[in-house]
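> In terms of my numbering, the sequence shown opens at residue 9 and continues consecutively.
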Amino acid sequence: MGLFLSTFMNKVDKKGRVSVPATFRATLAPQPFQGIIAYRSFTAACVEGCGMDFMERLSDSTQDFAAFSPEQEDISALIFADARQLSWDPEGRIVLPEDVMAHAGITDMCAFVGKGQTFQIWEPETYRAAEAEIRARAFKNRPTLPLKKPTGGDGK
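#1: Helix, strand or coil: which one does DSSP assign to Gln39?
#2: My guess is that Ala91 and Met63 are in contact by the Cβ rule of under 8 Å, so how many angstroms apart are they, rounded?
#3: Tell me, to the nearest whole angstrom, how far the beta carbon of Val55 is from that of Gln128; I am working on the premise that it is less than 8 Å.
#4: Please name the residue, chosen from Phe12, Met17, Lys22, that lies closest to Leu36 on a Cα-to-Cα basis.
#5: Tell me whether Arg136 is buried or exposed, calling it buried when 16 or more other Cβ atoms sit within 10 Å of its Cβ.
#6: Can you tell me which of Ser77, Ile87, Glu106, Gln71 puts its alpha carbon nearest to the alpha carbon of Gly57?
#7: Can you name, in chain order, every residue of its own chain whose Cβ lies under 8 Å from the Cβ of Gly59, other than the five neighbours on each side?
#8: Gln93 to Ile102, Cα distance in whole Å?
#9: Less than 8 Å separating the beta-carbons of Arg48 and His111?
#10: Confirm, please, whether the CB-CB distance from Ala119 to Thr51 is below 8 Å.
#11: Quick one, which of Glu139, Gly124, Glu106 has its alpha-carbon nearest Lys22's?
#12: Do you know whose CA, among Ala53, Ser69, Asp97, lies nearest Arg33's CA?
#13: What residue from Ile142, Glu79, Val26 has the CA that sits closest to Pro151's CA?
Shown next, in the form of structure tokens:
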């Protein structure tokens, strides 16, 4: 699986069409479904985006909850019931549904924000404010990540 990297600002036309960044399309290209999966974030005023492979992994993860438990029901409603398969046209554009645009406050521009295995779509000014908060929090807390050793056929 490729990674979604960088941030791209793209114009949204009056019909809700927006170009998916070429590098994002290239990351998604090996999958049978030629488009993105999008759903309204339940943690921020943005749209969550990913490929079908990531959605399948999320679905597998819900099996860790007891069947019909409140947690399993909530995750299913917040992610799977809300998810949209948005195919791109020959020019690499998708159509953002009105309710999705309203949730994120997107009108004439949007920001595609790479998050590694996923990405988000934001209204640009809202993203700038969120990014400033994230950077301030990181400056204060100095988060770290453990680096995993690469795994190869020879164990290196």
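Cβ coordinates follow ideal geometry from the N, Cα and C atoms, glycine included. None of the values given here were measured: they were computed from a predicted structure.
On the basis of the coordinates in this document:
#1: Here residue 39 refers to the residue found at position 31 when the sequence shown is read from its first residue. Here Gln39 sits in coil by DSSP.
#2: As a working note, residue 91 is residue 83 in the sequence shown. As a working note, residue 63 is residue 55 in the sequence shown. Indeed they touch by this definition, with Cβ atoms about 7 Å apart.
#3: Working through the sequence shown from its first residue, we reach residue 55 at position 47. Working through the sequence shown from its first residue, we reach residue 128 at position 120. Val55 to Gln128, Cβ: 6 Å. Contact.
#4: Indexing the sequence shown from 1 puts residue 36 at position 28. Residue Phe12 is the option with its Cα nearest to Leu36.
#5: On the sequence shown, position 128 is the one that residue 136 refers to. Burial call: exposed.
#6: Position 49 of the sequence shown, counted from the first residue, corresponds to residue 57. That would be Ile87, whose Cα lies nearest to the Cα of Gly57.
#7: Translated into positions along the sequence shown, residue 59 becomes position 51. For Gly59, where only same-chain residues beyond five positions count, the Cβ hits under 8 Å are Met9, Thr35, Leu36, Gln39, Phe41, Ile44, Ile45.
#8: The residue you call residue 93 lines up with position 85 of the sequence shown. The residue you call residue 102 lines up with position 94 of the sequence shown. So the alpha carbons of these two residues sit roughly 10 Å apart.
#9: Mapped onto the sequence shown, residue 48 falls at position 40. Mapped onto the sequence shown, residue 111 falls at position 103. Yes, these two residues count as a Cβ contact at 8 Å.
#10: On the sequence shown, residue 51 is found 43 positions in, with the first residue counted as 1. On the sequence shown, residue 119 is found 111 positions in, with the first residue counted as 1. Contact flag unset, no.
#11: Looking up residue 22 in the sequence shown gives position 14. Ranking the options by Cα distance to Lys22, first place goes to Glu106.
#12: Translated into positions along the sequence shown, residue 33 becomes position 25. Considering only alpha carbons, the answer is Asp97.
#13: Your numbering for residue 151 matches position 143 in the sequence shown. It is Ile142 whose Cα lies nearest to the Cα of Pro151.
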